[in-house]
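A.B. asks: Dropping a structure here in structure tokens format, bear with me for questions.
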Amino acid sequence: MKEELSQLIQQALDTLVAEGQLPAATRPGITIDRTRDPSHGDLASNVALTLAKTAGKNPRELAGLICAALPSAGFVSKTEIAGPGFINFFLTSDSSQAVIGRVLAEGARYGCSNTGGGRKVQVEFVSANPTGPLHVGHGRGAAVGDSLCRLLTATGWDVSSEFYYNDAGAQIDNLALSVQARARGFTPDDPEWPDDGYRGNYISDVAGAYLAGEQIDAKDRHVAGAGDADNLQAIRELAVAYLRREQDLDLKAFAVHFDHYFLESSLYDSGAVEKAVAQLIARGHTYEHDGALWLRTTDFGDDKDRVMRKREGGYTYFVPDIAYHLNKWQRGFERVINEQGADHHSTITRVRAGLQALEIGIPEGWPDYVLHQMVTVIREGKEVKLSKRAGSYLTLRDLIEEVGCDATRYFLVARAPSSQLTFDIDLALSQSNDNPVYYIQYAHARVCSVLRKLAEHGWDWQQERGLAALDQLQEEHEKALLRRLDQYPEVVANAAAASEPHRVANYLRELAGEFHTCYNAHKVLTEDQALRDARLALCAAVRQVIANGLDLLGVSAPEAM
RNA sequence: GGGGGUAUAGCUCAGCUGGAUAGAGCAACGGCCUUCUAAGCCGUAGGUCGAGGGUUCGAGUCCUUCUGCCCCCGCCA
Numbered sequence: 001m002k003e004e005l006s007q008l009i010q011q012a013l014d015t016l017v018a019e020g021q022l023p024a025a026t027r028p029g030i031t032i033d034r035t036r037d038p039s040h041g042d043l044a045s046n047v048a049l050t051l052a053k054t055a056g057k058n059p060r061e062l063a064g065l066i067c068a069a070l071p072s073a074g075f076v077s078k079t080e081i082a083g084p085g086f087i088n089f090f091l092t093s094d095s096s097q098a099v100i101g102r103v104l105a106e107g108a109r110y111g112c113s114n115t116g117g118g119r120k121v122q123v124e125f126v127s128a129n130p131t132g133p134l135h136v137g138h139g140r141g142a143a144v145g146d147s148l149c150r151l152l153t154a155t156g157w158d159v160s161s162e163f164y165y166n167d168a169g170a171q172i173d174n175l176a177l178s179v180q181a182r183a184r185g186f187t188p189d190d191p192e193w194p195d196d197g198y199r200g201n202y203i204s205d206v207a208g209a210y211l212a213g214e215q216i217d218a219k220d221r222h223v224a225g226a227g228d229a230d231n232l233q234a235i236r237e238l239a240v241a242y243l244r245r246e247q248d249l250d251l252k253a254f255a256v257h258f259d260h261y262f263l264e265s266s267l268y269d270s271g272a273v274e275k276a277v278a279q280l281i282a283r284g285h286t287y288e289h290d291g292a293l294w295l296r297t298t299d300f301g302d303d304k305d306r307v308m309r310k311r312e313g314g315y316t317y318f319v320p321d322i323a324y325h326l327n328k329w330q331r332g333f334e335r336v337i338n339e340q341g342a343d344h345h346s347t348i349t350r351v352r353a354g355l356q357a358l359e360i361g362i363p364e365g366w367p368d369y370v371l372h373q374m375v376t377v378i379r380e381g382k383e384v385k386l387s388k389r390a391g392s393y394l395t396l397r398d399l400i401e402e403v404g405c406d407a408t409r410y411f412l413v414a415r416a417p418s419s420q421l422t423f424d425i426d427l428a429l430s431q432s433n434d435n436p437v438y439y440i441q442y443a444h445a446r447v448c449s450v451l452r453k454l455a456e457h458g459w460d461w462q463q464e465r466g467l468a469a470l471d472q473l474q475e476e477h478e479k480a481l482l483r484r485l486d487q488y489p490e491v492v493a494n495a496a497a498a499s500e501p502h503r504v505a506n507y508l509r510e511l512a513g514e515f516h517t518c519y520n521a522h523k524v525l526t527e528d529q530a531l532r533d534a535r536l537a538l539c540a541a542v543r544q545v546i547a548n549g550l551d552l553l554g555v556s557a558p559e560a561m
């Protein structure tokens with residue numbers, strides 16, 4: 001509709017140019033916006049304002065000329081010039097009400113589009129080290145990343161979700177040493193405790209399982225505890241399997257699914273790391289200094305060069321990262337989005353620099369990143385410091401068990417990723433009934449309830465009859481809902497384009513609020529059949545859009561509460 | 001010192017990529033259940049959009065300077 005309107009305006013401008021009322025060179029980008037205030041109509045254009053200067057006319061006069069030259073359109077009932085020179089368009093009732101037919105016809109597909117055109121995109125998120133259970137920060141990454149996948153799927157992308165599994169490197173050695181120390185009966189406060197060892201209580205659980213010879217079955221590995229506290233390699237294998245299993249359970253409880261798990265160790269096994277290093281050397285972007293091998297990342301926008309191979313021989317973490325992203329590129333992902341915590345921000349420049357230095361035609365800004373800011377957890381008014389090493393720990397699973405999966409996901413996805421998030425446990429616990437997610441779910445359940453109640457009155461509802469009676473919807477509350485429903489596809493498209501799932505959450509809150517208002521003001525199950533049929537159609541459409549939106553957030557839409 | 005993020009109601013946060021009178025939820029106060037679920041609705045109160053400058057018809061939104069807070073700047077990941 002915006003498209004058609006903007007074409008009509010363009011025709012009007014052409015007419016004015018032909019008549020000599022406007023200079024010929026004016027070719028503005030015509031923008032049509034939704035109005036915020038219903039008294040301003042449904043759609044508005046600022047074209048007269050943007051054009052006034054070059055036209056040498058005052059905006060209101062110009063708006064009048066444009067309106068006069070505007071071809072008539074079936075879906076516009078009235079145009080008005082308002083404020084400093086806006087042209088407001090009022091839609092006919094028919095065209096406003098038509099959204100209900102679209103929602104009911106498209107069902108779960110309403111709001112979907114095909115901007116992705118079936119192109120491949122990979123979304124990598126969570127990618128937590130297997131050195132402890134997932135915490136709230138990982139939860140935010142999981143909620144945002146998973147919702148992003150759903151948004152991209154809804155906008156026509158061929159999405160592949162991936163978890164990079166960091167099962168090699170120094171932090172795994174540290175994990176093994178920590179478990180070994182526990183197996184030997186030491187505690188973090190003993191002098192024998194390894195420097196920077198992981199102090200959390202879960203390390204004891206791992207050690208206990210190892211000593212007891214427990215069988216650990218994770219998704220991709222099955223290991224039995226060897227029981228020998230001197231066998232560091234066996235400890236390492238059990239510990240990784242144990243924590244992998246824990247993370248599997250965390251993600252399952254959070255209803256987050258990954259298409260692929262990618263093992264860092266596979267990059268070493270396959271020789272991909274060595275190959276990438278050789279390529280970087282061959283391209284002449286490296287040098288030896290102080291016994292280490294350096295990558296000249298300053299050639300690609302970094303503020304200093306970075307060590308690739310340490311003096312003692314091992315690679316720094318960003319080298320396998322480069323090999324990993326090279327692998328993504330080779331798998332054909334022309335678009336990759338990495339969702340990570342903002343504390344990993346500094347890796348972006350390095351990874352991109354490394355990929356440029358390979359000189360194989362990877363675009364400069366590849367891959368994309370979505371960074372979420374830190375999550376602060378508050379309990380009893382005080383900040384809970386989260387530190388794996390210190391052992392002060394609030395796991396994601398604790399939170400899910402206490403607050404519920406739906407509420408936890410909603411809280412973590414309902415804010416802009418770029419905004420710091422305060423998760424108040426007491427609020428989430430003690431006032432769980434006031435969680436905004438229930439407000440939205442309740443709107444969905446209410447519609448379901450009305451439809452159940454219908455039968456008790458001995459009435460029925462048929463979609464065709466409802467659609468035929470839509471002209472009954474004349475209340476302002478109903479019109480507001482129609483406008484809101486019509487907006488949904490744009491919200492989805494914009495949320496996907498901006499990688500900001502929270503926009504869907506905000507929208508749903510608005511929609512649910514307007515529904516509750518309308519529901520309280522106007523009885524759905526009235527004796528007047530035509531009115532009843534029309535309102536039921538509206539309710540059914542609201543229910544559908546809430547269900548669609550909640551699904552994008554990974555939150556359930558219950559039929560009763 | 002350098003880079004990134006951020007600053008909007010007492011608190012937690014929105015603000016649709018520059019539009020018309022800045023919004024919601026908690027918290028406070030006052031109303032609405034013999035009627036489709038009160039996990040709801042209606043009303044009152046609450047603001048120098050951190051500060052200064054700039055861009056233009058128009059700025060919470062864009063550019064700049066400053067200030068506060070968060071995160072990075074490792075031969076840790």
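Residue 148 in full-length UniProt numbering is what sits at position 148 of the first sequence, and the numbering runs on without skipping anything.
Using N, Cα and C, we set each Cβ at its ideal position, and we do this for glycine too.
Straight-line CA distance for R60 to K53?
C.D. replies: The alpha-carbon atoms of R60 and K53 are separated by roughly 12 angstroms.
A.B. asks: Once the 5 residues before and after V126 are set aside, which same chain residues still bring their CB inside 6 angstroms of it?
C.D. replies: These residues qualify, in order along the chain: H138, G141, A142, F163.
A.B. asks: Among the candidates D426, P417, E380, whose CA atom is the shortest distance from the CA of E402?
C.D. replies: Closest by alpha carbon: D426.
A.B. asks: Keeping to the same chain, check which residues put their C-beta closer than 7 angstroms to that of S499; ignore five residues upstream and five downstream.
C.D. replies: The answer, listed in chain order, is L148, I337, V370.
A.B. asks: How would you write the range of the alpha helix (DSSP H) that S204 sits in, first residue to last?
C.D. replies: 202-211 is the extent of the alpha helix (DSSP H) around S204.
A.B. asks: Within the same chain, show all residues whose beta-carbon is closer than 7 angstroms to that of T115, passing over the 5 residues directly before and after it, in chain order.
C.D. replies: Once the five neighbours on either side are set aside, the close Cβ partners of T115 are T155, G156, A493.
A.B. asks: Locate the alpha helix (DSSP H) running through F411, then write down its first and last residues.
C.D. replies: 405-413 is the extent of the alpha helix (DSSP H) around F411.
A.B. asks: Helix, strand or coil for V136, going by three-state DSSP, please let me know.
C.D. replies: Note: V136 maps to helix in three-state DSSP.
A.B. asks: Where I322 and I87 are concerned, what is the direct C-alpha to C-alpha distance, given to the nearest angstrom?
C.D. replies: One C-alpha to the other measures close to 53 angstroms.
A.B. asks: Nearest by alpha-carbon distance to D33: which of A69, E490, E527, D195 is it?
C.D. replies: Answer by Cα proximity: E490.
A.B. asks: Taking the runs of the alpha helix (DSSP H) that are 4 residues or longer, which of them lie wholly in the UniProt domain "DALR anticodon binding" (440-561)?
C.D. replies: List check, alpha helix (DSSP H) in window: 463-468, 476-498, 502-521, 529-553.
A.B. asks: Near S265, what residues of its chain come up, given a Cβ to Cβ distance below 7 angstroms and the 5 sequence neighbours on each side ignored?
C.D. replies: D167, A168, listed in sequence order.
A.B. asks: So the candidates are T376, N548, Y242, A530; which of them puts its Cα closest to the Cα of L104?
C.D. replies: With distances taken between Cα atoms, L104 lies closest to N548.
A.B. asks: Can you list, in chain order, the residues of its chain whose CB lies under 6 angstroms from that of A535, leaving out five sequence neighbours each side?
C.D. replies: Looking at the sequence shown, residue 535 is not Ala but Arg. The residues are V524.
A.B. asks: Cutting at 6 angstroms between CB atoms, please list the residues of its own chain near R543, excluding the five before and the five after it.
C.D. replies: Excluding residues within five positions, the ones whose Cβ falls inside 6 angstroms are H444, V447.
A.B. asks: So, helix, strand or coil for Q97, using DSSP?
C.D. replies: Three-state DSSP puts Q97 in a helix.
A.B. asks: Using only alpha-carbon positions, find the residue among Q11, A69, T79 that is nearest to S39.
C.D. replies: Of the listed residues, the one whose Cα sits closest to S39 is T79.
A.B. asks: Within 10 Å of its beta-carbon, does Y165 have 16 or more other beta-carbons around it, so buried, or fewer, so exposed?
C.D. replies: Result: buried.
A.B. asks: Please name the residue in Q441, A540, A455 whose C-alpha comes closest to that of L482.
C.D. replies: The candidate whose alpha carbon is nearest that of L482 is A540.
A.B. asks: On a Cα-Cα basis, can you pick out the residue from Y488, A521, T517 that is closest to S507?
C.D. replies: For the sequence presented, residue 507 should be read as Tyr rather than Ser. Nearest C-alpha to Y507: Y488.
A.B. asks: For G64, tell me which candidate among I30, A24, L13 has the shortest Cα-Cα distance.
C.D. replies: It is L13.
A.B. asks: Give me the Cα-Cα distance between L91 and G74, rounded to the nearest whole angstrom.
C.D. replies: Computed Cα separation, rounded: 9 angstroms.
A.B. asks: Just reading off the beta strand (DSSP E) that A82 is part of, what are its end residues?
C.D. replies: From DSSP, the beta strand (DSSP E) with A82 extends over 76-82.
A.B. asks: Going along the chain, which residues of its own chain have a beta-carbon closer than 7 angstroms to the beta-carbon of A239, five neighbours each way excluded?
C.D. replies: Excluding residues within five positions, the ones whose Cβ falls inside 7 angstroms are L175, A176, V179, V206.
A.B. asks: Restricting to Cα atoms, I'd like to know which of L538, I81, P320, R509 is closest to F411.
C.D. replies: Of the listed residues, the one whose Cα sits closest to F411 is R509.
A.B. asks: Flag this pair as yes or no: are the beta carbons of T408 and F254 separated by less than 9 angstroms?
C.D. replies: Yes, they are a contact pair.
A.B. asks: Among D302, Q441, G85, H502, which residue has its Cα nearest to the Cα of P558?
C.D. replies: Comparing Cα positions, the closest option is Q441.
A.B. asks: Tell me the rounded alpha-carbon separation between D94 and A468.
C.D. replies: If I take the Cα positions, the gap works out to 11 angstroms.
A.B. asks: In or out: A278 buried (at least 16 other Cβ within 10 Å) or exposed?
C.D. replies: Exposed is the call here.
A.B. asks: What distance in whole Å lies between the Cβ atoms of V413 and V121, which are believed to be in contact at a cut-off of 8 angstroms?
C.D. replies: So it is not a contact: roughly 19 angstroms between Cβ atoms.
A.B. asks: For Q215, report the span of its beta strand (DSSP E) as first-last.
C.D. replies: Counting along the chain, the beta strand (DSSP E) containing Q215 begins and ends at 215-217.
A.B. asks: Buried or exposed, going by whether 16 or more other CB atoms sit within 10 Å of the CB of G466?
C.D. replies: Per the 10 Å Cβ criterion, buried.
A.B. asks: Which same chain residues, not among the five before or five after A69, have their C-beta less than 6 angstroms away from its C-beta?
C.D. replies: Cβ neighbours of A69 beyond the five flanking positions: A12, T15, L16.
A.B. asks: Mind checking whether R236 and D173 have CB atoms under 9 angstroms apart?
C.D. replies: Yes, they are a contact pair.
A.B. asks: Restricting to Cα atoms, I'd like to know which of Y324, G132, L396 is closest to N201.
C.D. replies: Closest by alpha carbon: G132.
A.B. asks: Determine the closest residue to D250 out of E527, N46, L473, A128, with distance taken between C-alpha atoms.
C.D. replies: Of the listed residues, the one whose Cα sits closest to D250 is A128.
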